Amino acid sequence: MNNTTFREAYGLTPACMTIWNADQTYNRKGQEKYLRWLLDNGAQCLSICGSTGENIAMNMEEQREIISHVLSFVAGEVPVVVGTGRYATLHTVQMSRFAQEHGADGVMIILPYYLNPYKEAVLDAFRELRRETDLNIMIYNNPWFAGYELTVDEIKTLVEEGVITSIKAAHGDPDRVHRLKFHCGDKLKVFYGHDYCAMEGLLAGADGWLSGFPAVLPRQCRALMDACFAKDVDAARAAQDRLQPYIDYFFYDKTNGKPHWQEICKYTLTVQGLDVGWPRRPLKELDEANKRKVERLLADMG
Numbered sequence: 049m050n051n052t053t054f055r056e057a058y059g060l061t062p063a064c065m066t067i068w069n070a071d072q073t074y075n076r077k078g079q080e081k082y083l084r085w086l087l088d089n090g091a092q093c094l095s096i097c098g099s100t101g102e103n104i105a106m107n108m109e110e111q112r113e114i115i116s117h118v119l120s121f122v123a124g125e126v127p128v129v130v131g132t133g134r135y136a137t138l139h140t141v142q143m144s145r146f147a148q149e150h151g152a153d154g155v156m157i158i159l160p161y162y163l164n165p166y167k168e169a170v171l172d173a174f175r176e177l178r179r180e181t182d183l184n185i186m187i188y189n190n191p192w193f194a195g196y197e198l199t200v201d202e203i204k205t206l207v208e209e210g211v212i213t214s215i216k217a218a219h220g221d222p223d224r225v226h227r228l229k230f231h232c233g234d235k236l237k238v239f240y241g242h243d244y245c246a247m248e249g250l251l252a253g254a255d256g257w258l259s260g261f262p263a264v265l266p267r268q269c270r271a272l273m274d275a276c277f278a279k280d281v282d283a284a285r286a287a288q289d290r291l292q293p294y295i296d297y298f299f300y301d302k303t304n305g306k307p308h309w310q311e312i313c314k315y316t317l318t319v320q321g322l323d324v325g326w327p328r329r330p331l332k333e334l335d336e337a338n339k340r341k342v343e344r345l346l347a348d349m350g
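When you number the sequence shown by the numbering used here, it's gap-free, plus one each residue, and the end is 350.
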């Protein structure tokens, strides 16, 4: 273990998107402009190469390029948490070491997915990562993408062992925040990790908000989070009401699963003046009818 001090993430932490060129290669200049925009509009920390960042659509060499570039660009201005979780513990350790060497403050680790390993193996994977790296470890508890999640008791065990320092609770139910803060207290930083009940999650005691909405609507999300942290429930409800039409569209206005949330997110940034292109295929460009919907929603939101 080394003596480097790693800063813990806090507050509004966008799950940053990855910007691609038209030929689907990494767009370094576009990424820099986007990250600067996030920081100028209220982001307090950054999370990269997570689900919103399309880590599933990049190989390990590309991921290393993105990690090194972003960490060099941010240059310590704010804490950066890097998504380094892979199915294989070996690959997770390798990518986490790379992130540490290039200046990350923490890593966000999705539970090993696809082959649905048993819980004992999963807990041991996190223990191995702690032995092999020094930086802060955030569990990405996302049953929608991993197929399962760790229980409060399992998380508490890892906290008590000193394995993890934070969690992104991505299920969406604010009860996850209630129970984690009650049972783990200040030993665990809890981030509300979804989008439709952020007000409830933050008022329940979350230490921050790490999800997709802060990555595309940072100013509006920061207003909601600040109101919650100030315990101003009326202001929080007003901020939630401003977001609600977009939430309703984002989650419920779909036909056969279309449009995809990644396509909506990219166009939401485009409408705000950022040239961010589209997700990597098989996803594609938002259709014209949904483009008009996004434009109207953002105009109404102000």
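Note that the Cβ used here is the ideal one computed from N, Cα and C, for glycine as well.
Remember, it's a predicted structure, so these values are computed and weren't measured experimentally.
For residue i, three-class secondary structure by DSSP
i: S259; result: coil
i: N338; result: helix
i: M156; result: strand
i: M49; result: Below a pLDDT of 50, predicted positions are generally treated as unreliable, and M49, at 47, falls in that range; the measurement from the model is reported next regardless. It is coil, neither helix nor strand.
i: K279; result: coil
i: T66; result: coil
i: G249; result: helix
i: P222; result: coil
i: Q292; result: helix
Beta-carbon separation (whole angstroms), residue i vs residue j, contact threshold 8 angstroms
i: H242; j: G220; result: 4 angstroms
i: K60; j: M247; result: The sequence given here places Leu at residue 60; Lys does not occur at that position. Wrong, their Cβ atoms sit about 14 angstroms apart, outside the cutoff.
i: T213; j: K237; result: 6 angstroms
i: M143; j: Q111; result: 7 angstroms
i: Y162; j: Y135; result: 6 angstroms
i: T137; j: E176; result: 6 angstroms
i: M65; j: K314; result: 7 angstroms
i: A252; j: F239; result: Between F239 and A252 the Cβ distance is about 12 angstroms, and since that is not below 8 angstroms, they are no contact.
Bridge partners - residue i, DSSP secondary structure assignment
i: F230; result: BP columns for F230 are empty, so no partner.
i: A217; result: N189, Y240
i: N46; result: In the structure as shown, the chain starts at 49 and stops at 350, and residue 46 therefore has no counterpart that could be examined.
i: A286; result: BP columns for A286 are empty, so no partner.
i: G59; result: G256
i: K306; result: T303
For this session: Ignoring anything shorter than 3 residues or poking outside the region 69-148, list the beta strand (DSSP E) runs there in chain order.
Result: 94-96, 128-131
Problem set entry | Stretch pair the region 262-277 + the region 89-108: three plus CB contacts closer than 8 angstroms | yes
Exercise. Is the region 312-323 touching the region 73-91 in the sense that three or more CB pairs, one from each, lie closer than 8 angstroms?
Worked result: yes
Problem set entry | Any 3 or more C-beta pairs closer than 8 angstroms across the region 133-143 and the region 64-75 | no
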